[in-house]
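Contents: one structure, followed by commentary.
Numbering (my numbering), first residue to last: 526 to 1267.
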């Protein structure tokens, strides 16, 4: 569980918080195997015996004062009694994880009702209203997925177009049964899928049926336009009216699988492969709004294309959750698919949303393999508690709040990369005491479940082919942290983590964009930097002004006296240049914007920082690094004099050889060199597969690389300006700060 705060010394009171101009909060990656310093938790059992505070329900931890029969809560100060069982446990404190470390992970007992045959279930739902290229890509992705699935997993193959297809691969040849999807928006099927094919025939054991599943995949073919028009009905003047009944297919699938939830499985994962917008049956989407808004001058397209056009997929996500299903959507299309409506099905059911604009260089197979190879937890509950002086004001991330309890979040499925953010506010005007030794406390509790493979198969010596049982393990992970207090603004500024500040800003601007449009999100970000610049200059007594006017005023817009704040202007400039916040008329596709919103709001701070402001390093040769960091400008390339540059933009990795590079340098760099080792390490550590490209300056088209050299681009548009981009941006911030100070 990694926890990072915007400031490691908290502001002492409301006035101090406002004077700093900084967001106050933390990011939490609850299922990360280690903390932010690389330390693992101390593991133990009997989590249900851990004492809890009678007042605030916080868990006993190393910061609590303990007497023989009682303990004082480190969060609220309440004195609690200890049971005789706890007294005997704590008579040997070194035997209990909660007395050894403030970061613990304890096993919880599984209730009888939860004991079941918890086999991992995976279902692929493939769009047949698509192309041959799309299906070839999906086949290779699913073959990669089959290699990653653990022993004992069950796999089902379904297809959708104007009909739903279900495959039984357990016999000598694959059998497919089809059910037609009604064309109307109600889209209810004429019969239950259970009556068409028993679920036990649909879900095949991967151990024994891998080859047959592969054979079934080979039979997938796109539906012909004739099939679709006859199945979906002819439109006016013979114009084809669709044939992708995605919503109806998903609804039927969840009800079908959900019948065995809690019996055969504890969590089923559905992989939905889409090549366009759903256009028949329940949940059909009108993609004409994209063309209309694009042509319209009267309505702000940046506002009109971000909200969902139907609550259907949000409601369907609730059905998925109730059926024990988590949905990952893989959209492979460059057409408008309205991900603004579809995204809820994935993010609210605990899944991910992936967008690939082309089948040619898609990393879909690698992403599938990577996603299924890493461990995940499910049915998770996340609870953040604070000491009494402050409290949580907002929470951000892909979870849903508990309907009954405040500040409790439910996460359906969570991997080690998933990150959530919290904003803090003071509970009253008093703030933290200047005179006592009591410091701000934070406790994060994360209860989760994992599926543990059968021990028989885990033992290398066993050759058993019997269907061994998977078991569920329920665990409680607790992290208790103590923070310092900044008694002056300078103390606060000296302990800023700019990457976490960026994380909270990104969550805030995404929210503002969704509610009020992209322009509003841009203004919010710009105004925040202006206010921070003004507060910093005021705090550091840097403003020397003439009488009452702005003549002769010097504003330090580069935060030259505070190294911790110095990255922020560049990060804000880069975020304003990012497609997340670029305007619609600049050619940003609304689906790509939605994809970035979903990606950025789940990234941990270092990854997000890399995605917003890429890292540019230079190499003297493939085996020798020259400089670890350059600014993203052409000037930096020229002045460095290095022959090779490596750009890490999180989703893209680019190796660029300057046109002046020595022709004897090997291109592309050889597999056993330092540069390749660096690239391979980065690819291993990512939650998604970055796309790698090699560009030779003077020979290849270098546009992909040059587009990342943003510091010479205008913050408002895509073209290069006569005034240098980042420099003119700082001048504009300088002017706006002067206006603000007036």
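No residue lacks a Cβ here, since even glycine has one placed at the ideal position from N, Cα and C.
Nearest neighbour of residue i, chosen from the options [CA to CA]
i: residue 974; options: 630, 1169 and 612; result: 630
i: residue 606; options: 593, 613, 734 and 599; result: 593
i: residue 1184; options: 1175, 1195, 1166 and 1200; result: 1166
i: residue 556; options: 1003, 910, 882 and 574; result: 1003
i: residue 1220; options: 1192, 1236, 1232 and 1207; result: 1192
i: residue 706; options: 700, 699, 698 and 715; result: 715
i: residue 1213; options: 1121, 1110, 948 and 1012; result: 1121
i: residue 969; options: 777, 1012 and 905; result: 905
i: residue 656; options: 599, 1134, 626 and 745; result: 745
i: residue 1139; options: 1177, 1128, 1117 and 1109; result: 1177
i: residue 728; options: 930, 881, 645 and 1060; result: 645
i: residue 513; options: 563, 573 and 944; result: Residue 513 falls outside the range modelled here, since the chain spans only 526 to 1267, and no answer is possible.
i: residue 853; options: 836, 1223 and 875; result: 875
i: residue 1031; options: 713, 617, 548 and 1231; result: 548
i: residue 1136; options: 1028, 878, 672 and 925; result: 1028
i: residue 888; options: 1197, 747, 810 and 669; result: 669
Whole-angstrom distance between residue j and residue i, CA atom to CA atom
i: residue 804; j: residue 1164; result: 54 Å
i: residue 917; j: residue 855; result: 34 Å
i: residue 999; j: residue 976; result: 9 Å
i: residue 987; j: residue 676; result: Low confidence applies to residue 987: its pLDDT is 42, below 50, so where it sits in the model is not reliable, and the reading given next is rough at best. Straight-line Cα distance between these residues: approximately 13 Å.
i: residue 1158; j: residue 1172; result: 12 Å
i: residue 883; j: residue 1112; result: 17 Å
i: residue 1206; j: residue 1215; result: 12 Å
i: residue 1007; j: residue 967; result: 6 Å
i: residue 1252; j: residue 536; result: 32 Å
i: residue 722; j: residue 704; result: 11 Å
i: residue 683; j: residue 649; result: 6 Å
i: residue 990; j: residue 770; result: Bear in mind that the predicted position of residue 990 carries a pLDDT of just 42, short of 50, making it too unreliable to give a figure here.
i: residue 1226; j: residue 1170; result: 15 Å
i: residue 1264; j: residue 1079; result: 13 Å
i: residue 731; j: residue 1052; result: 55 Å
i: residue 789; j: residue 698; result: 25 Å
i: residue 578; j: residue 777; result: 46 Å
i: residue 846; j: residue 779; result: 9 Å
i: residue 1234; j: residue 1145; result: 20 Å
i: residue 1037; j: residue 1044; result: 9 Å
i: residue 880; j: residue 929; result: 35 Å
i: residue 742; j: residue 895; result: 20 Å
i: residue 587; j: residue 623; result: 6 Å
i: residue 1246; j: residue 1188; result: Because residue 1246 sits at a pLDDT of 40, beneath the cut-off of 50, its placement in the model cannot be relied upon, and the following sentence gives the value as read from the coordinates. Rounded to whole angstroms, residue 1246 to residue 1188 spans 33 Å at the Cα level.
i: residue 1244; j: residue 1097; result: Low confidence applies here, because residue 1244 scores a pLDDT of 45, under 50, leaving its location unreliable; read the following figure in that light. Those two C-alpha atoms are separated by around 19 Å.
i: residue 544; j: residue 1084; result: 16 Å
i: residue 795; j: residue 680; result: 10 Å
Neighbourhood of residue i by C-beta, 6 Å cutoff - its chain only, sequence neighbours within 5 removed
i: residue 833; result: 865 and 866
i: residue 869; result: 838, 839 and 842
i: residue 1082; result: 1058, 1255, 1258 and 1259
i: residue 858; result: 800 and 801
i: residue 568; result: 630
i: residue 923; result: 872 and 1127
i: residue 920; result: 947
i: residue 964; result: 1007
Residues near residue i in its chain [Cβ-Cβ closer than 7 Å; skip 5 each side]
i: residue 1284; result: In this structure the chain extends from 526 to 1267, so residue 1284 is not present and cannot be described.
i: residue 561; result: 527, 528 and 529
i: residue 978; result: 675, 676, 677 and 995
i: residue 1047; result: 1101 and 1106
i: residue 625; result: 567 and 619
i: residue 812; result: 802, 861 and 863
i: residue 1222; result: 1181, 1182, 1183 and 1184
i: residue 575; result: 584, 585, 623 and 631
Contact set for residue i: own chain, Cβ-Cβ below 8 Å, skip 5 residues either direction
i: residue 1218; result: 1177, 1178, 1179, 1180 and 1229
i: residue 762; result: Note that residue 762 scores 42 on pLDDT, short of 50, meaning its location in the model is unreliable; the coordinates nonetheless yield the value given after this. Cβ within range, chain order: n/a, list empty.
Start-end ranges of the beta strand (DSSP E) lying completely within the stretch 1147 to 1220, minimum 3 residues:
1149 to 1155, 1169 to 1173 and 1177 to 1182
Inspect the CB distances between the stretch 905 to 924 and the stretch 951 to 963 and report whether three or more fall short of 8 Å.
yes
When the Cβ atoms of the stretch 897 to 911 are set against those of the stretch 929 to 948, are three or more pairs found closer than 8 Å?
yes
Say whether the stretch 1189 to 1202 touches the stretch 1089 to 1107, bearing in mind that this needs 3 or more beta-carbon pairs closer than 8 Å, one atom from each stretch.
no
Flag this pair as touching only if the stretch 1021 to 1034 and the stretch 1086 to 1100 have three or more C-beta atom pairs under 8 Å; answer yes or no.
yes
Counting only runs that start and end within the stretch 922 to 951, where is the beta strand (DSSP E) found for 3 or more residues in a row?
933 to 940 and 945 to 951
Does the structure place the stretch 581 to 597 close enough to the stretch 606 to 618 that three or more beta carbon pairs sit under 8 Å?
yes
Which parts of the stretch 1066 to 1143 are runs of the alpha helix (DSSP H), unbroken and 4 residues or longer, counting only runs that do not cross its ends?
1092 to 1102, 1115 to 1125 and 1130 to 1137
Which ranges would you report for the beta strand (DSSP E) in the stretch 554 to 621 if only whole runs of at least 3 residues count?
567 to 569, 595 to 597 and 604 to 606
Give, in chain order, every unbroken run of the beta strand (DSSP E) that is at least 3 residues long and sits entirely within the stretch 671 to 705.
679 to 685, 688 to 693 and 700 to 705
Only counting runs of 4 or more residues, tell me where the alpha helix (DSSP H) segments fall wholly within the stretch 993 to 1052, in order along the chain.
1014 to 1018 and 1023 to 1041
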